[in-house]
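Residue numbers (the working numbering), protein chains in the order written: chain E, 712 to 1055; chain C, 8 to 572.
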């Protein structure tokens, strides 16, 4: 009997190994698929993709990772990448990839019609499909909106011990600081970051948790993306944190984009373009109901024909920092070093 | 040493002398050791052309803090696991109190909890916005401020709670072997119980305690996700950060070397602690220790302590995960889990079982080779082949990518030149790279299990087979195989569970579409989707209970023997 156990175990191991190799390689031959590298972690499978598959029959397969690690991976994989679409929460990654020749130009009338020119690459290598704004949030019981003005103002000693910020590891922080480097120059931006650090902020590696902490009275002011607050408000209309559009008197609030591009070596290029086009349609990917990005994740649509959801409209009008997306990648590298030097 | 301790510390201990050294072939074991060492060697070759600029930059920025944090973590987790592990072990071996047999087993349960899971559960439960502090503020006023758990001490506490069982297991085995005779001898010399513990039992158990503590420290040092949750960047976290953030592979690899250096220093310290002395138990297997029976309120003190630790390290995380899972499944705003749960379970199962099968087979080859050959050289080969447990997953992953990527690219280039369709990334783009990482990382776990059971095979059996003219392969298949199948099964289960929990290498090397439960849980938790993160975490944890239940069965005394005092 015992001999059997071993043989069986060895045999089983062998079978599993063989199955494993064929499984990874050959499973997707017959079906229509599109492979997405996504740096968005809003649930294991986004509602938009589920809807897309329902409507088109094209299966979306997603592999998630941080924006940076996906860039690294695409680079390493080169011509052999399995990814057809790169889907990032950050313009920097997309422009960096485009610069390295890893995103292929796409000519699509649908996309040029749906997406304003400043929200896509002139050469068609990447397209914004949603806009996100990183701005100031506050506890109205402790802070009057008149006291707030800019990101830079949060370096003022009056905010000592009252801030909740996200650590330097996250792309949201890096991207915001990059926009300050672009606007103020490295020296001034570093002084601002040092001012933040001097105010001894609580470092919380989650926008949601920053909002929770402000709501609970753990700090008074924080910086988060707008849609995390929108999500909280959708769950609880009386969520005790308010949004303040930063830097309205000068350059405007920091914008980033959810951005898609077709990889240079996409095997399923047709399906990839179909997916991006679908995402750009006002009544599909852009819609304010749960099947659209704007509806499921409370991002602002890029298609002018799409209406933002009610909660977003409630945030009011605002001015946007018009920093070119192509500059993001370059300034981000500077921002990473700067954050380190400032002890953030 | 009892079998359980051998499983964990085998690399530190010299192999038992084989009755008669046999001329077996070491070719395969050497090849396997080379396979394990190759990624490390490639990584180390980075040292030949260091990027001084990066080091300057890092030294001016995050490196001092990372180094300091790493040292604090090593110290904190070292002390934490030592106190918890040794204290609990002595309580179980030296005393008798209500529920002791239950606690003796139950204190192993935290082994099943992956540290990053423990990390996010504690974060969500005990941070400022969490339910505990909220309730406290409701009771004691809104101005109540407790020390921030998002800090070094939070990370140390959480890691100590999940890692103390390593020390506990080894300490308990060591104490039990000594306790009966040593305590009696101590009494004859007029020592009190406390004196005999601190002056005799603790020093005598030093090799095992050092081994267990170093094992726990290694685990803490290689962790990157938990310290990230606690905003406490260590070198391990820095490797991942440089790898991702600066898109700098070479830089990450050099940082990885730094960590490797720390690991080597730790191992040397451990060896020095052990010294050249070897402690032997006089006579055969020792009798059951006589336990000191605690009475009155004193009997309930250990019950309270054990219950408290058990609650903090197991009941609380499991309960919280279960609650979240129920919330997610019933109320769930986002029902997307159902679309992927099956796939992720399948992926995880597939990766973990392939890793388990291959690792144990390779471990068997090494163990048999070492056994047949014996001697210092063979032992050195075995030690090298099992080195991977001291390396963080991120370091191994970096080394493997640097090893395999050039092969992949050469393959494709050659194929193109010869007019074939390029095969694609057959190594780095498939599960090969990841499995390779698991093999390197978990070889020692598999080896220890196989080796421990191989020791039970009597050399006379091999000799008999040889006299009858059997070849090595046949001996392995017909004699070793059946006899060590239990060890192999145990090894497979341990590797399976470890691979299932593994995070950094999986994050860096998983091929397209091969997301695992651990990856899913980590991603969801890093966005504070606790409810979504709970389902895969709970699944991992429950499967992880299987090997823990095996561990629970060995090395217990079962029911207490009545003692007098």
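The C-beta atom is built at its ideal place from N, Cα and C for all residues, glycine as well.
DSSP-derived helix/strand/coil call for residue i
i, result
"residue 316/C", "helix"
"residue 190/C", "helix"
"residue 954/E", "strand"
"residue 523/C", "coil"
"residue 107/C", "helix"
"residue 5/C", "Residue 5/C is absent from the structure shown; chain C starts at 8 and stops at 572."
"residue 764/E", "helix"
"residue 753/E", "coil"
"residue 16/C", "With a pLDDT of 43 at residue 16/C, under the threshold of 50, the modelled position of that residue is not reliable, and the figure given next carries that caveat. Here residue 16/C sits in helix by DSSP."
"residue 1012/E", "strand"
"residue 817/E", "coil"
"residue 746/E", "strand"
"residue 1001/E", "coil"
"residue 153/C", "coil"
"residue 229/C", "helix"
"residue 739/E", "Its pLDDT being 46, under 50, residue 739/E is placed unreliably in this model, and the coordinates cannot settle the point."
"residue 915/E", "coil"
"residue 417/C", "helix"
Cβ pair residue i, residue j closer than 9 Å
i, j, result
"residue 461/C", "residue 375/C", "yes"
"residue 533/C", "residue 917/E", "yes"
"residue 944/E", "residue 882/E", "no"
"residue 862/E", "residue 847/E", "yes"
"residue 496/C", "residue 403/C", "no"
"residue 802/E", "residue 836/E", "no"
"residue 502/C", "residue 359/C", "yes"
"residue 233/C", "residue 165/C", "yes"
"residue 162/C", "residue 373/C", "no"
"residue 97/C", "residue 204/C", "yes"
"residue 1024/E", "residue 1030/E", "no"
"residue 175/C", "residue 219/C", "yes"
"residue 859/E", "residue 955/E", "yes"
"residue 790/E", "residue 413/C", "no"
"residue 840/E", "residue 991/E", "yes"
"residue 43/C", "residue 377/C", "no"
"residue 498/C", "residue 464/C", "no"
"residue 920/E", "residue 845/E", "no"
Closest by C-alpha distance to residue i, when choosing among the options
i, options, result
"residue 520/C", "763/E, 766/E, 770/E", "770/E"
"residue 514/C", "493/C, 435/C, 558/C", "435/C"
"residue 796/E", "970/E, 1018/E, 912/E", "970/E"
"residue 877/E", "185/C, 483/C, 177/C, 157/C", "157/C"
"residue 325/C", "82/C, 383/C, 547/C", "547/C"
"residue 52/C", "307/C, 484/C, 264/C", "264/C"
"residue 989/E", "966/E, 962/E, 899/E, 1014/E", "1014/E"
"residue 526/C", "121/C, 399/C, 459/C, 45/C", "121/C"
"residue 126/C", "385/C, 319/C, 444/C, 552/C", "319/C"
"residue 973/E", "994/E, 805/E, 941/E, 1006/E", "805/E"
"residue 581/C", "478/C, 71/C, 119/C", "Lying before the first or after the last residue shown, residue 581/C is absent from chain C, which here runs from 8 to 572."
"residue 267/C", "456/C, 77/C, 485/C, 171/C", "77/C"
"residue 454/C", "416/C, 261/C, 241/C, 363/C", "363/C"
"residue 241/C", "221/C, 269/C, 144/C", "269/C"
"residue 250/C", "749/E, 772/E, 784/E", "784/E"
"residue 2/C", "169/C, 168/C, 206/C", "Any question about residue 2/C goes unanswered here, given that chain C covers just 8 to 572."
"residue 278/C", "215/C, 536/C, 180/C, 431/C", "215/C"
"residue 448/C", "400/C, 481/C, 141/C, 70/C", "400/C"
"residue 1051/E", "71/C, 47/C, 49/C", "71/C"
"residue 902/E", "914/E, 888/E, 940/E", "888/E"
Chain-ordered neighbours of residue i on chain A, where CB pairs are closer than 8 Å
i, result
"residue 914/E", "The structure shown contains no chain A; the protein chains it does contain are E and C."
Near the ligand ATP: residue i beta-carbon under 8 Å from a heavy atom
i, result
"residue 52/C", "Only the bare structure without any ligand can be found here, which leaves the ligand ATP out of the picture."
Problem - Contained alpha helix (DSSP H) runs [length at least 4] in the stretch 429-480 of chain C, N- to C-terminal order - result: You should have 438-461, 466-474.
Exercise for the section: Indicate whether the contact test is met: 3 or more Cβ pairs, each with one atom in the stretch 381-396 of chain C and one in the stretch 474-484 of chain C, closer than 8 Å. Expected result: Result no; under three Cβ-Cβ pairs closer than 8 Å.
Problem - the stretch 271-281 of chain C in contact with the stretch 406-419 of chain C per 3-pair CB rule at 8 Å - result: With contact defined as three or more Cβ pairs closer than 8 Å, the stretch 271-281 of chain C and the stretch 406-419 of chain C are not in contact.
Exercise for the section: Enumerate, from N- to C-terminal direction, the unbroken beta strand (DSSP E) stretches of 3 or more residues contained entirely within the stretch 933-988 of chain E. Expected result: Complete beta strand (DSSP E) runs here, min 3: 953-955, 965-974.
Problem - the stretch 55-65 of chain C contacting the stretch 121-136 of chain C, beta-carbon criterion three pairs below 8 Å - result: With the rule of 3 Cβ pairs closer than 8 Å, the stretch 55-65 of chain C does not count as touching the stretch 121-136 of chain C.
Problem - Complete runs of the alpha helix (DSSP H) confined to the stretch 845-877 of chain E [at least 4 residues] - result: Entirely contained in the stretch 845-877 of chain E, not one alpha helix (DSSP H) run reaches 4 residues.
Handout entry: Those runs of the alpha helix (DSSP H) which lie wholly inside the stretch 86-141 of chain C and span at least 4 residues
Key = Listed in chain order, they are 107-113, 122-133.
Problem - Contained alpha helix (DSSP H) runs [length at least 4] in the stretch 326-396 of chain C, N- to C-terminal order - result: Listed in chain order, they are 344-380, 382-392.
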